[in-house]
Every structure is written in structure tokens, then in C-alpha cells.
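Chains as they are written, first to last, in this note's numbering: chain W, -7 to 158; chain X, -7 to 158.
Okay, so here's the structure we're looking at.
There are 2 protein chains.
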Amino acid sequence: MADGDRSEKALSDFESQVIEFFCDGVKILGLPKSIGEIYGLLFISPDPISLDDLVCRLGISKGSASQGLRSLRELGAVREAEVTSGRRVYYEPDVELKRLVGGFIKEQVRPHLSSGEEKLDSLKKMVGDMPGDVRSDFYAGRLERLSRWSSRAKVVLPLLQKFLGS
Amino acid sequence: MADGDRSEKALSDFESQVIEFFCDGVKILGLPKSIGEIYGLLFISPDPISLDDLVCRLGISKGSASQGLRSLRELGAVREAEVTSGRRVYYEPDVELKRLVGGFIKEQVRPHLSSGEEKLDSLKKMVGDMPGDVRSDFYAGRLERLSRWSSRAKVVLPLLQKFLGS
DNA sequence: CTCTTTGTTCAAATCTATTTGAACTCAAAA
DNA sequence: TTTTGAGTTCAAATAGATTTGAACAAAGAG
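Next comes the structure, spelled out in C-alpha cells:
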């Protein structure tokens, strides 16, 4: 059985549809399609998968697979499996919603929130330096509102993670 | 004063930075930059603004401004102001976080959730039709997990809106 | 009714982000 | 040490999304 048992066969209709499902999902999150394909195949595969498996079965380039896997590792959505038959690395998905969401928030959301708060501070300083007329009062009010949005977000995110806990 | 009081002047440094702030924001949400520019200018302008104002002050095309305003109206992020001096329509932003998030969830998130559930059902049917072996049990388990993710989302979203209430 | 002003539509142009593929690094095997 | 195979990197190609601009529609003014 030259490659009978090895999973280098073309995707089944079922697998393709699961993968498409995840492609839709990651698009909403603003992540590239290849990320969805890779995670989708890992998610629906009973056994861990190597980079070469991804390349063969998904028909994507090695570069894409490599970068996609890196992003997924950084997100904490994928991890190395124990297998390591020889020197090849196999991957398996993390399938706990709590951790997936947590990783996404930590990697994709929090950084933006932080840099946003810095910019807000700098804007407040600009308003502070303006001649104090009606318009600068209006500006100060608006910026105050943005600050409130930001703190709301900071309160809600941990709460969100809590509610998703298993 | 040909156009002295009319707000067709170039953007001040302050205004530009506020607008940039919103451009960053909408990018995270996967919305086009022009949406951020338009909402940003509306947000920081003490008075309602017409489509032509947006074109002049932001230096974008009429088409972009028109389409951007439509998206923002659909999201409920912007509404027509009472002013209507003559036949021109003026716009003002909705600045309540609760409503902004609510609109985003309703327009951008829920539709995807619904279509996702349909696809999930169809996938479950496929597994049901498979010869009942070890693999199909694994598949059923995975799909079950996806269903749980989906219901979690349906519980969390209204909760989220509640927490953002004023 | 016709002219003018306001706003919309959509195909084409442009811009941005993703994907590719070839060169490269690193480590294990021979 | 040299060779081989796995994985990474990044500039260039590609794909996909946004923006433009010109033609068009709608409605008040003359």
C-alpha cells in the first residue's frame, strides 16, 4: 500500500465542506483564508498532521503552510503533537473555544486597544493646549466618550472570556 | 466671506488624528478605511455634515462618500439630522457604544452565525449518512463541538450588548 | 417643461493583502 | 565533512477589495 494509509489523498467532500466552514469563520475575524483551511483540516483530522500533509492535501504552497502554521501557533490555536516520527513535526488543533477566543483577544484585540489609548492621550493633550472656547469643550467631551468606550472594552473582554469558560 | 464659515477648509491636525484613530478602529472590524474617515469626521464635528462636506474635507470621491454613508446608515452608526437647509441632507453620528455595537452585531455578525448553523446542519446530515465506523464517531464529536461554539456565541452576544448599555 | 442641484450606481482603475516559489538555514544522517 | 530533507523567509506575482469617475436618476427651482 504505497500511500494507502497515509492521508495524502484528495479531500473528501465532507472534509472540503468543513474546511469551507472554517474559511467563512476566519474571514469574519479578518484572517486570511489559508488560516481557515489549515485549522479546518487539523480540526477535522483524527490524527496530527505535518506541514507536508497540509501542502499535499490542501494544495497550497509550502510557504503558505509555514506562515499559516506560525500564525496559528501564535494565536494558540494549534500546537505540536507528541508524535515526531523521525524529524518531522506534526500538529494538532486546540479545540477549546475559551482558549481560542483568549488567544485571539490577546494577539489581535489587546494590542490595538493599547495603541488606541496612547493615541487618545495624545489627542487629549492637543485639546488641552487649545484656546479654551466652545469648540474645545466639545472636543474634550467627545474624547471623554472615547475613553469610556475603551474602558468598557477592557472590562468586557475578560468577562467575555469568563463566560466562554468550558 | 465666500466660504469662511462653511467647513470646507482643510482638516486641522487635530481632526486628522481623530480620523486616523477611527480608521485604525474600523480596520480591526474589517470595514473599509473610508468608513472610518467618514464616521471620524462626523464624530468630531460639532455640527451635522453633508455629503459634499465629506467629499471636500476628506478629499474622497462622491461615490465613496455615498457608499460609505449608506453602510454607516445600515449599521445605525449615522443618521440624518433635522437641519435640511434646502434640499441637502445633513448627517450626524450615533455616539452610543451600545447602539454601535448592537448594529454591528446585527448587521455583520448574526448573518454569519445563521448561515453557519445551516451549514453545520448539512454537515451533520452527511455524517449521519456515513457508514458508522470510528471515524464517523470522531466527526460527529467535532461537529457537536462546533454546535456548542455556536450556541455559546448566541448566548454571549445579547449579554455583551447588555453590559454595554449606557 | 427644462434646468440645476443632489445623490446613486457600477464598471474600470487602483490599492492592499495574500500566496507563491525559489533561495536559504538548520539539523540530522551517512 | 558532505549530503539530504524539513522548514523558513521574502521579493515578486496574484487575488481580492476599495475607490474612483462618469453616466444616470430624482426632485425642486425657474
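For each residue, glycine too, the CB sits at the ideal point set by N, CA and C.
### Message
Is there a C-beta anywhere in chain X that falls below 8 Å from the one on residue 111 (chain W)?
### Response
Interface residue, yes.
#### Entry: Collapsed DSSP secondary structure at residue 85 (chain W) in the structure displayed
Strand, per DSSP.
### Query
So which of W:123, W:148, W:78 has the shortest CA-CA distance to residue 105 (chain W)?
Looking at the Cα atoms, W:148 is the closest of the given residues.
#### Entry: Residues near residue 11 (chain X) by beta carbon distance below 8 Å, same chain, minus five either side
Excluding five sequence positions before and after residue 11 (chain X), the CB atoms of its chain that fall closer than 8 Å to its own CB belong to 3, 28, 29, 32, 33, 36, 50, given in chain order.
### Query
According to DSSP, is residue 41 (chain W) helix, strand or coil?
Residue 41 (chain W) falls in the strand class under three-state DSSP.
### Query
Whose C-alpha, out of W:63, W:71, W:23, is nearest the C-alpha of residue 42 (chain W)?
Between residue 42 (chain W) and the set W:63, W:71, W:23, the nearest pair of CA atoms involves W:71.
### Message
Starting from residue 147 (chain W), trace the alpha helix (DSSP H) in both directions and tell me its first and last residue.
### Response
Unbroken alpha helix (DSSP H) run through residue 147 (chain W): 126 to 155.
### Query
Where does residue -6 (chain X) fall in DSSP's three states?
Note that residue -6 (chain X) scores 39 on pLDDT, short of 50, meaning its location in the model is unreliable; the coordinates nonetheless yield the value given after this. Taken through DSSP and simplified to helix, strand or coil, residue -6 (chain X) comes out as coil.
#### Entry: Whether residue 153 (chain W) touches residue 87 (chain W) by CB criterion (8 Å)
The Cβ-Cβ distance between residue 153 (chain W) and residue 87 (chain W) does not fall below 8 Å.
### Which residues DSSP lists as bridging residue 70 (chain X), in chain order
Bridge partners of residue 70 (chain X): X:85.
### Message
Going by DSSP, what residue range makes up the alpha helix (DSSP H) through residue 118 (chain W)?
### Response
Under the DSSP assignment, residue 118 (chain W) falls in the alpha helix (DSSP H) whose first and last residues are 102 to 120.
### Message
So, for residue 157 (chain W): in the same chain, excluding its five sequence neighbours on each side, which residues have a beta-carbon less than 7 Å away from its beta-carbon?
### Response
90.
### Message
Which residues in chain W have a C-beta closer than 8 Å to the C-beta of residue 59 (chain X)? List them in chain order.
### Response
Per Cβ cutoff of 8 Å: no residues; residue 59 (chain X) is ~20 Å from chain W at best.
### Task
Taking residue 131 (chain X) as the query, report the chain W residues whose CB atoms sit under 9 Å from its CB, ordered along the chain.
The answer, in chain order, is 6, 10, 36, 38.
### Message
Rounded to whole angstroms, what is the Cα-Cα separation between residue 139 (chain X) and residue 132 (chain X)?
### Response
Separation of residue 139 (chain X) and residue 132 (chain X) (C-alpha to C-alpha, rounded to the nearest whole angstrom) is 11 Å.
### Assigned secondary structure, residue 75 (chain W) (DSSP; H/G/I helix, E/B strand, else coil)
For residue 75 (chain W), the secondary structure class from DSSP, reduced to helix, strand or coil, is coil.
### Query
Can you find a C-beta in chain W that's less than 8 Å from the C-beta of residue 95 (chain X)?
Judged by the 8 Å Cβ criterion, residue 95 (chain X) is not in contact with chain W.
#### Entry: Beta-carbon separation (whole angstroms), residue 116 (chain X) vs residue 13 (chain W), contact threshold 8 Å
Residue 116 (chain X) to residue 13 (chain W), Cβ: 12 Å. No contact.
### Message
Tell me the DSSP secondary structure of residue 65 (chain W) in three-state form.
### Response
In the structure shown, residue 65 (chain W) falls within a helical segment according to DSSP collapsed to helix, strand and coil.
### Query
For a contact meaning CB atoms closer than 8 Å, what does residue 108 (chain W) contact in chain X?
Under a criterion of Cβ atoms nearer than 8 Å, the residues of chain X adjacent to residue 108 (chain W) are, in order, 13, 16, 17.
### Coarse secondary structure for residue 2 (chain W), derived from DSSP in three states
Note: residue 2 (chain W) maps to coil in three-state DSSP.
### Query
With 8 Å set as the bound, which would you pick, yes or no: does the beta-carbon of residue 41 (chain W) sit closer than that to a beta-carbon of chain X?
Answer no: the Cβ-Cβ gap between residue 41 (chain W) and chain X never drops below 8 Å.
### residue 119 (chain X) vs residue 128 (chain X) beta-carbon contact at 8 Å
Here residue 119 (chain X) is near residue 128 (chain X), since their CB atoms are less than 8 Å apart.
### Query
Is the shortest distance between the beta-carbon of residue -2 (chain X) and the beta-carbons of chain W less than 8 Å?
Residue placement at residue -2 (chain X) cannot be trusted, given a pLDDT of 47 that sits under 50; what the coordinates show is reported in the next sentence. No, its Cβ sits nowhere closer than 8 Å to a Cβ of chain W.
### Task
Determine the chain W residues that contact residue 127 (chain X) at a beta-carbon separation under 7 Å, and present them in chain order.
Result: 38.
### Query
Can you tell which of W:26, W:78, W:123 has its C-alpha closest to the C-alpha of residue 63 (chain W)?
Selection W:26, W:78, W:123 evaluated against residue 63 (chain W) yields W:26 as nearest (Cα-Cα).
### Query
Which chain X residues sit within Cβ distance under 7 Å of residue 22 (chain W)?
Those are 22, listed as they occur along chain X.
#### Entry: residue 51 (chain W), DSSP secondary structure in three states
The DSSP-derived three-state label of residue 51 (chain W) is coil.
### Query
What does residue 151 (chain W) touch in chain X if you count any residue whose Cβ is under 9 Å from its own?
The contacting residues are 151, 152, 155.
### Query
Under 8 Å between C-beta atoms, does residue 71 (chain X) make it to chain W?
Residue 71 (chain X) does not count as touching chain W.
### Query
With 16 other CB atoms within 10 Å as the buried threshold, where does residue -2 (chain X) fall?
Because residue -2 (chain X) carries a pLDDT of 47, less than 50, the predicted location of this residue cannot be relied on, and the following value inherits that uncertainty. Exposed, since its Cβ has fewer than 16 Cβ neighbours within 10 Å.
### Query
What does a CB cutoff of less than 8 Å around residue 122 (chain W) pick up in its chain, not counting 5 residues either side in sequence?
Once the five neighbours on either side are set aside, the close Cβ partners of residue 122 (chain W) are 128, 131.
### Task
Would you kindly report the start and end of the unbroken alpha helix (DSSP H) that includes residue 27 (chain X)?
Where residue 27 (chain X) is concerned, the enclosing alpha helix (DSSP H) stretches over 25 to 36.
### Query
Nearest CA to the CA of residue 23 (chain W): which residue from W:75, W:61, W:54, W:146?
Here the closest residue by C-alpha is W:61.
### Query
Are the C-beta of residue 148 (chain W) and some C-beta of chain X separated by less than 8 Å?
Yes, its Cβ sits closer than 8 Å to a Cβ of chain X.
### Residue nearest to residue 114 (chain W) in terms of C-alpha spacing, selected from W:68, W:136, W:103, W:98
Closest in alpha carbon position to residue 114 (chain W), among W:68, W:136, W:103, W:98, is W:136.
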